[in-house]
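**Q** Submitted below is the structure of interest, expressed as structure tokens.
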């Protein structure tokens, strides 16, 4: 018999846990793209977007128009990024997101709300299967069994109604997230009026700050590349291990840069630490304004490197959302398809029928989906901390 009441494979993602080497499963939205976006949003929200704040952090620039253009762009990026939610404060809102009757406005809150709906739906499906199928089995007439089974699965408030409702909710989230990525990608790397276009102009704040640094820029670029390598490796590790990621906000020179929990990766961690120390030693000998320019090159250069993956990551995440929606649609379809072909002979021996439809496997599968959706609450949220073990 084809799948009937078992959850389709698309409702969970297969992973290999790097800690144990064993196969495991994760909620489909638990992806590297989801984690990396939180780091991008954190950086975007942290940028100063007023002249006074910018000058305090990064010093003054001869060409005021350059700064005005940059702040206008960064302000738009910050406004769009804020639609995701502030990664520094999201943890305090988790309970509210979970209990909300309707989806929260933020992208992150909406995703957590979907996970909560998944938990409720999966648990209700388990309850309906356990109680409903037991009751139906106590009905002696096979034809009545089919009628009652159809009502349990497709009637009002039946099992398929959860699939219908969740699929619709995922569709709303998909449209919201797609719009978010389209707008953000346009502002970051689009062909016109984007940060990428601005930074390719002959005169911009990054090239001006770089000219002040001279040969010291190489140290900054090297450090940013190593940090990028470390963060990507660490994020991939935590996603596969279903661990809550931890990023340290380290003021290397001036404003903070997010760096992965480096104790996990010895070689890369040591490399990052040494390059940080070397850069600090170099910058300590510079004048105050030069130090501020070095900070801008580091922070904006780090952000510019991270945005190269946003479009690809957006596609990856939207594919995950689409897969999740497809899983619920598939479940509804398989119920309807199997009911249409069900015969009196199929249900005469109820015990044999329960074995044939893999009742125990189905209950276990739906319980696993609820469990992994709950794991997403913590494993899907980056913790940013100013206590940096990489300094130790």
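Numbering (the numbering used here), first residue to last: -15 to 376.
Glycine is no exception: its CB is placed at the ideal position from the N, C-alpha and C atoms.
None of the values given here were measured: they were computed from a predicted structure.
1) Nearest-angstrom Cα distance between residue 335 and residue 153?
2) Taking Cβ positions, are residue 257 and residue 42 nearer each other than 8 Å?
3) Could you tell me the alpha carbon to alpha carbon distance between residue 17 and residue 243, rounded to whole angstroms?
4) Pick from 108, 30, 234: whose alpha carbon is nearest that of residue 71?
5) Can you find at least 3 beta carbon pairs, one from the region 217 to 224 and one from the region 265 to 276, that sit closer than 8 Å?
6) Quick check: residue 319 and residue 34, are their CB atoms within less than 8 Å of each other?
7) Which residue wins for smallest C-alpha separation from residue 32, given the options 21, 121, 120, 51?
8) When DSSP labels each residue in this structure, what does residue 279 get in the three-state scheme?
9) Bridge partners of residue 8, per DSSP?
10) Within 10 angstroms of its Cβ, does residue 4 collect 16 or more other Cβ (buried), or is it exposed?
11) What are the partner residues of residue 367, as DSSP defines its beta bridges?
12) Report the partner residues of residue 243 according to the DSSP bridge assignment.
13) Three or more beta-carbon pairs under 8 Å between the region 336 to 355 and the region 205 to 214, yes or no?
14) Give me the Cα-Cα distance between residue 357 and residue 74, rounded to the nearest whole angstrom.
15) Specify whether the region 350 to 365 and the region 83 to 103 touch according to this definition: at least 3 beta carbon pairs, one from each stretch, less than 8 Å apart.
16) Helix, strand or coil: how does DSSP classify residue 288 here?
17) Taking the straight line between their C-alpha atoms, what separation do you get for residue 64 and residue 190?
18) I'd like the list of long-range same chain contacts for residue 289, defined as Cβ closer than 7 Å, with 5 residues on each side in sequence excluded.
19) Where does the unbroken alpha helix (DSSP H) through residue 33 begin, and where does it stop?
20) Residue 200 by DSSP, collapsed to three states: which one?
21) For residue 23, which of -5, 215, 185 has the nearest alpha-carbon?
22) Give the range of the alpha helix (DSSP H) segment to which residue 70 is assigned.
23) Using 10 angstroms around the beta-carbon of residue 47, count the other beta-carbons present and answer buried if the total reaches 16, otherwise exposed.
24) From 178, 349, 91, 261, pick the residue whose C-alpha is nearest to that of residue 61; which is it?
25) Since residue 263 and residue 234 are thought to touch, with beta carbons under 8 Å apart, how far apart are those beta carbons, to the nearest angstrom?
26) So, is residue 188 buried or exposed, given that buried needs 16 or more other C-beta atoms within 10 angstroms?
27) For residue 36, does the count of other Cβ atoms within 10 angstroms reach 16, so buried, or fall short, so exposed?
28) Specify, as a first and last residue, the run of the alpha helix (DSSP H) that residue 155 falls within.
29) Where does residue 187 fall in DSSP's three states?
30) Can you find at least 3 beta carbon pairs, one from the region 311 to 329 and one from the region 156 to 165, that sit closer than 8 Å?
31) State buried or exposed for residue 376, treating a residue as buried only when at least 16 other CB atoms are found within 10 Å of its CB.
32) How would you write the range of the alpha helix (DSSP H) that residue 105 sits in, first residue to last?
33) Sort 27, 144, 90, 129 by Cα distance to residue -9 and report the nearest one.
34) Give me, in chain order, the residues of the same chain whose beta-carbon lies closer than 7 Å to that of residue 53; leave out the 5 immediate sequence neighbours on both sides.
**A** According to the data block:
1) Along the chain shown, one-based indexing puts residue 335 at 351. Along the chain shown, one-based indexing puts residue 153 at 169. Their backbone Cα atoms lie some 36 Å apart in a straight line.
2) As a position in the chain shown, residue 257 is number 273, starting the count at 1. As a position in the chain shown, residue 42 is number 58, starting the count at 1. The answer is no: Cβ separation not under 8 Å.
3) Here residue 17 refers to the residue found at position 33 when the chain shown is read from its first residue. Here residue 243 refers to the residue found at position 259 when the chain shown is read from its first residue. Approximately 17 Å, taken between the alpha carbons.
4) Position 87 of the chain shown, counted from the first residue, corresponds to residue 71. Here the closest residue by C-alpha is 30.
5) In this structure the region 217 to 224 does not touch the region 265 to 276; the number of beta carbon pairs closer than 8 Å is below three.
6) Taking the first residue of the chain shown as 1, we reach residue 319 at position 335. Taking the first residue of the chain shown as 1, we reach residue 34 at position 50. Not closer than 8 Å, so no.
7) In the chain shown, residue 32 corresponds to position 48, counting from 1. Out of 21, 121, 120, 51, 51 has the C-alpha closest to the C-alpha of residue 32.
8) As a working note, residue 279 is residue 295 in the chain shown. Per DSSP, reduced to three states, the secondary structure at residue 279 is helical.
9) In the chain shown, the residue the question calls residue 8 occupies position 24. Partner residues in the beta bridge of residue 8, as assigned by DSSP, are -1.
10) One-based indexing of the chain shown puts residue 4 at position 20. Exposed is the call here.
11) The residue given as residue 367 occupies position 383 in the chain shown. DSSP output for residue 367 lists 230 as bridge partner(s).
12) Here residue 243 is taken as the residue at index 259 of the chain shown, counted from 1. Note: residue 243 sits in a beta bridge opposite 232.
13) Result no; under three Cβ-Cβ pairs closer than 8 Å.
14) Here the question's residue 357 lines up with position 373 in the chain shown. Here the question's residue 74 lines up with position 90 in the chain shown. Taking the straight line joining both Cα atoms gives about 17 Å.
15) Counting Cβ pairs under 8 Å, three or more are found: they touch.
16) For this step, residue 288 is matched to residue 304 along the chain shown. Assigned with DSSP and collapsed to three states, residue 288 falls in helix.
17) Within the chain shown, numbered from 1, the residue matching residue 64 stands at position 80. Within the chain shown, numbered from 1, the residue matching residue 190 stands at position 206. Computed Cα separation, rounded: 22 Å.
18) Against the chain shown, residue 289 aligns to sequence position 305. Contacts found: 208, 212.
19) Numbered from its first residue, the chain shown carries residue 33 at position 49. Residue 33: not part of any alpha helix (DSSP H); DSSP gives it neither H nor E.
20) For the purposes of this step, residue 200 is taken as the residue at position 216 of the chain shown. Residue 200 carries a helical assignment under DSSP once its states are collapsed to helix, strand and coil.
21) On the chain shown, residue 23 is found 39 positions in, with the first residue counted as 1. Residue 23 has its Cα closest to that of 215, out of -5, 215, 185.
22) Here residue 70 refers to the residue found at position 86 of the chain shown. If you look at residue 70, you'll find it isn't in any alpha helix (DSSP H); DSSP assigns it neither H nor E.
23) The sequence position of residue 47 within the chain shown is 63, counting from 1. The residue in question, residue 47, is exposed, as its Cβ has fewer than 16 Cβ neighbours within 10 Å.
24) Mapped onto the chain shown, residue 61 falls at position 77. Sorting 178, 349, 91, 261 by C-alpha distance to the C-alpha of residue 61 places 178 at the top.
25) Counted from its first residue, the chain shown places residue 263 at position 279. Counted from its first residue, the chain shown places residue 234 at position 250. Contact doesn't hold; Cβ gap of about 12 Å is too wide.
26) Reading the chain shown from its first residue, position 204 is the one you call residue 188. With 16 or more Cβ atoms within 10 Å of its Cβ, residue 188 is classed as buried.
27) As a first step, residue 36 is located in the chain shown; it is residue number 52 there, counting from the start. Looking at its Cβ environment, which holds fewer than 16 other Cβ atoms inside 10 Å, residue 36 is exposed.
28) Within the chain shown, numbered from 1, the residue matching residue 155 stands at position 171. Counting along the chain, the alpha helix (DSSP H) containing residue 155 begins and ends at 143 to 173.
29) Within the chain shown, numbered from 1, the residue matching residue 187 stands at position 203. Looking at residue 187 - three-state DSSP - the assignment turns out to be coil, as it is neither helix nor strand.
30) Contact between the region 311 to 329 and the region 156 to 165 is absent: fewer than three C-beta pairs spanning the two stretches fall below 8 Å.
31) To locate residue 376, count along the chain shown from 1; it is residue 392. Note that residue 376 has pLDDT 46, beneath the 50 cutoff, so the model's placement of it is unreliable and no number is given.
32) For the purposes of this step, residue 105 is taken as the residue at position 121 of the chain shown. For residue 105, the enclosing alpha helix (DSSP H) covers residues 91 to 121.
33) Here residue -9 is taken as the residue at index 7 of the chain shown, counted from 1. The alpha carbon of residue -9 has as its nearest neighbour, out of 27, 144, 90, 129, the alpha carbon of 144.
34) Within the chain shown, residue 53 is the residue found at index 69, counting from 1. Setting aside the 5 residues that flank it on each side, residue 53 is surrounded in the same chain by 182, each with a C-beta closer than 7 Å to its C-beta; the list follows chain order.
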